[in-house]
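A short worksheet on the structure shown next.
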Amino acid sequence: SKPVMWSVVERTALAEAEVEYQDYQSDTVWVKFPITGFTPGVGAVGTEDATPNELQSLLDGACVVIWTTTPWTMPGNRAICYSRRVGYGLYEVTGAENDFGPQPGEKLIFADTLAPECFEKAKLTYKRLADVSADMLGRIVCAHPLRGKGYDFVVPLLEGDHVTDDAGTGFVHTAPGHGREDFEAWMDYKRDLEARGIDTTIPYTVGPDGRFTSDAPGFEGEQVITDKGDKGKANEAVIKALIEANNLFARGRLKHTYPHSWRSKKPVIFIFRNTPQWFIAMDQDFEATDGVTGTLRDRALKAISDTRFVPGAGQTRLNAMIAQRPDWVISRQRAWGVPITVFVNSKSGEVIPNAGFNGSDELMGRIVEAFTAEGADAWFVDGARERLLDGLVTDPGEWEKVDDILDVWFESGSTHAFVLEEREDMKWPADVYLEGTDQHRGWFHSSLLESCGTRGRAPYDAVITHGFTMDEEGRKMSKSLGNTVVPQEIVKQYGADILRCWVATTDYADDQRIGPEIVKSNVDAYRKLRNTMRWMLGNLAHHKPEEDVAFADMPELERYVLHRLAELDKLVQDSYRAFDFKRISQALFNFAGIELSAFYFDVRKDALYCDPISSLRRRACLTVLDHVFDCLCTWLAPLLPFTMEEAWLSRHPSQDGSVHMQPFHSADGEWKNDELAAKWRRVRAVRRVVTGALEIERAAKTIGSSLEAAPKVYVADANLWASVQSVDMADICITSDLELIANEGPAEAFRLEDVDGVSVVFARAEGRKCARSWKITNDIGADPEYPDITARDAKAMRERAEAGLPV
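The working numbering numbers the first residue of the sequence shown as 106 and each following residue consecutively.
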């Protein structure tokens, strides 16, 4: 037995998945626990820094003060927890505004960071007397604040990892029947407490009807929660008793989130139910279906080591949970659910069906048949016991039908059997289980235990966990804050791929933030990518495969772009295998926006728009665009399925249908050329200096377009000079002309700090402006039939006319 979240309204225990948190106003109390003695104590660790007599002298008459939002749990108090990470002090009251409550001369122990707030709440002045170390605290024994009213037992101080000085007093009132951490702390110290003669029985202070039991002397029958889910009078009764005992330091109210039943929408309470439960043993040997004998814990730990976790910290987390967890309580006392279909002999305790019971197969067959025909309710109908056991046992009346139901986590942990094993289009085990980080304690956990118990291994090959979704400021979303984001609204306004874009660009291993501005940034990034795809589609509209240029015949720039595709091909495939979608999206969005749109497309627009259609440069560029388009489409299809499907079918309307039926478009092995890539990194560095110089002239309105320039570029660095000599830098820098000079530039030349050895002096282009390409050159009108354009453009016009294309 252990504390459970209990709905008084529904008379049922609730799992975490059945609880939602809503705003709730709680009564709060600061309660004094008088110090009555000292002992070596289970909480004391390290060197004892004071003798019992010295402690007696220092702390004589002092109280430890706790704070709680559930005054009704005080009858269940059995200990106080403190933390070795918190600094504590002994304080004396020096003045009081009221003649009730704490008075001058009283000595109290608080966490130092919280003492000022506590004294202010009680309208007291104070002074600090001394440090109180963790070793001292571990040796303190207190009286219950309601001593003399049926609570005449000692209250020890226990060290607890869950204690902080974020709020309250730095001490945690510990009622093992009313909270998981309280229960765990109490059970951790159970043996030590018993060795000290302390009764470790957990009191059953509140019943399933929400009323105090006889284990809460003086409060029997008072309601914590009414049948309708409203507050009862228990809090006020307890507070009144604390005032009468002169152990109420202060009181208040707090509005906070509190667990409510997701069905009744009413508050739930933590209570201890002293009823028999069904467990799955973690440390008993058994033989699984694989024929191997071992404990469930050992099997589960081995399965964890054999499973891939993304991120890897999940493996450590789940391993620690399995290594330390107790036996699995799988029974629940509720009026609905999947029943635990067993019978227990009221005299011998035998449970059937079991391996030694001759009628087990027949009994299981009857249960399955009944459930198939009537559902799980067949177990709960009148006469079910007699109907199922007839002829299998001498007297069905000797057997008790268990009406407990299974923990819902056992149900969810069993889903792999039905989802994967029963369907022809699926396989077992699953490639991946994907859920939030909280599911290390939930679905991942229960699935692992159930599968290791029935099949000897985990039901998954890999586990991927993600964080929680927060608002733009990193706050949890709640209706009260008005910061919720509804996915359907994003889909309705922007389309599903915007939402997928956001998911793909976040680090799902951490908590993800979302809000209007974050969505807007994803919309902008998506639109840029979409424009990149649209631009390629427009240029590839009339391109035919027979016009492709062989890799060896391509200009260097095209071969450089294909090299980048080869690098990205490896990155994309490695990242998909690693489930690293952020790396993929960042790499491809940057490639599309920075390397393609802002560089390659910008440079090659002149060739695509103005070169003759027979031009090698133009055809090579279209060949590269064809490869780039197919790569981006297939690589991004898993992330942006609707957009890439639309783009793919626009380009390949008759090729094997959907992009999602295509393999990734892979790079050719010969495309990889690290030496060429290094050269073009140097070329692009020089280009950045030229672009920076022209931006200054553009800002000063000296020029309106880079084509009005013919800059002088001084290159003093030998490696850079070797790289740019063989490149048409005017073409790369989108200027009408450009002069390269192997020397240091003049002092007034433009430079960039991060590109050594390059400087630029601006000069205007000379000549006439081509009416077609807008380049300023001296060969305008070289072809008499076209007096206002260059010879290159004239040839392009003729070829387009001959091909029946718009000119």
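Backbone N, C-alpha and C fix where the C-beta goes; we use that ideal spot for every residue, glycine too.
Distance between residue j and residue i (C-alpha atoms, nearest Å)
i	j	result
Lys874	Ile881	4 Å
Leu843	Leu730	27 Å
Trp753	Cys738	7 Å
Leu164	Val311	34 Å
Arg869	Asn627	40 Å
Ile846	Ile885	27 Å
Arg792	Val568	46 Å
Pro768	Leu741	12 Å
Pro501	Asn459	16 Å
Asp602	Glu474	47 Å
Ala630	Ile623	11 Å
Pro108	Val136	23 Å
Thr796	Glu802	10 Å
Ser410	Glu289	27 Å
Pro308	Lys370	28 Å
Ser855	Val865	Residue identity check: residue 855 is Phe in the sequence provided, not Ser. One C-alpha to the other measures close to 5 Å.
Ala300	Ile185	18 Å
Trp826	Val820	6 Å
Val397	Trp111	39 Å
Leu713	Ala823	33 Å
Lys212	Asp616	44 Å
Val794	Ile837	12 Å
Thr331	Glu594	39 Å
Arg368	Ile374	15 Å
Arg786	Arg546	49 Å
Proximity test, residue i beta-carbon vs the ligand SAM heavy atom, cut-off 7 Å
i	result
Arg471	As presented, the structure is devoid of all ligands, the ligand SAM included, so that no description of it is given.
Residue(s) in a DSSP beta bridge with residue i
i	result
Phe913	Outside the modelled stretch of the chain, which goes from 106 to 912, sits residue 913, for which no answer is possible.
Glu505	Val449
Cys186	Leu263 and Val277
Leu195	Ile214 and Ala235
Asp390	Thr400
Cys875	Note: Cys875 sits in no beta bridge, so no partner.
Lys817	Glu844 and Val866
Asp575	Looking at the sequence itself, residue 575 is Met, so the reference to Asp does not match. Met575 is bridged to Lys581 and Arg618.
Ile385	Trp433
Val456	Val449
Val311	Phe317
Asp247	Correcting the residue identity first, residue 247 is Cys in this sequence and not Asp. Cys247 is bridged to Ile140 and Val260.
Gln328	Arg316
Pro221	Answer by DSSP bridge pairing: none, since Pro221 is not bridged.
Contacting residues, own chain, Cβ-Cβ under 6 Å from residue i (five flanking each side not counted)
i	result
Met659	Ala725
Ser583	none
Ala896	Asp884, Ala887 and Asp888
Ile689	Val677 and Ser680
Ile894	Cys875, Ala876 and Arg877
Limits of the unbroken beta strand (DSSP E) element including residue i
i	result
Gly142	Val124 to Phe143
Lys360	Leu353 to Ser366
Val170	Cys168 to Thr173
Gly541	Ala535 to Gly541
Phe706	Here Phe706 belongs to no beta strand (DSSP E); instead the alpha helix (DSSP H) covers Phe706 to Cys715.
Spatial neighbours of residue i in its chain, beta-carbon cut-off 8 Å, leaving aside the 5 residues before and after
i	result
Tyr891	Asp898, Ala899 and Met902
Ser841	Leu812, Glu813, Ala814, Ala815, Ala835, Ala870, Gly872, Lys880, Ile881 and Thr882
Lys228	Ala201, Glu202 and Asn203
Glu907	none
Val260	Phe138, Asn182, Arg183, Ala184, Ile185, Val246, Cys247, Ala248 and His249
Ser719	Glu904
Leu667	Phe656, Met659, Val729, His732, Ala772, Asp773 and Trp776
Endpoints, the alpha helix (DSSP H) within which residue i is located
i	result
Gly518	Val513 to Gly518
His550	Trp548 to Arg560
Glu750	Pro746 to Arg756
Arg664	Glu661 to Arg682
Arg856	Looking at the DSSP string, Arg856 is not in any alpha helix (DSSP H); the run it does join, the beta strand (DSSP E), is Phe855 to Leu857.
Thr796	Asp779 to Ala804
Gly741	Correcting the residue type first, residue 741 is Leu in the shown sequence and not Gly. Segment Leu721 to Leu741, the alpha helix (DSSP H) holding Leu741.
Lys687	Phe686 to Asn695
Phe476	Ser465 to Glu479
Ala827	Ala823 to Val829
Other residues of its chain near residue i: CB distance less than 7 Å, five sequence neighbours each side excluded
i	result
Ser771	Asp674
Ala321	Pro180 and Thr310
Val443	Ala481, Ile510, Leu511 and Glu516
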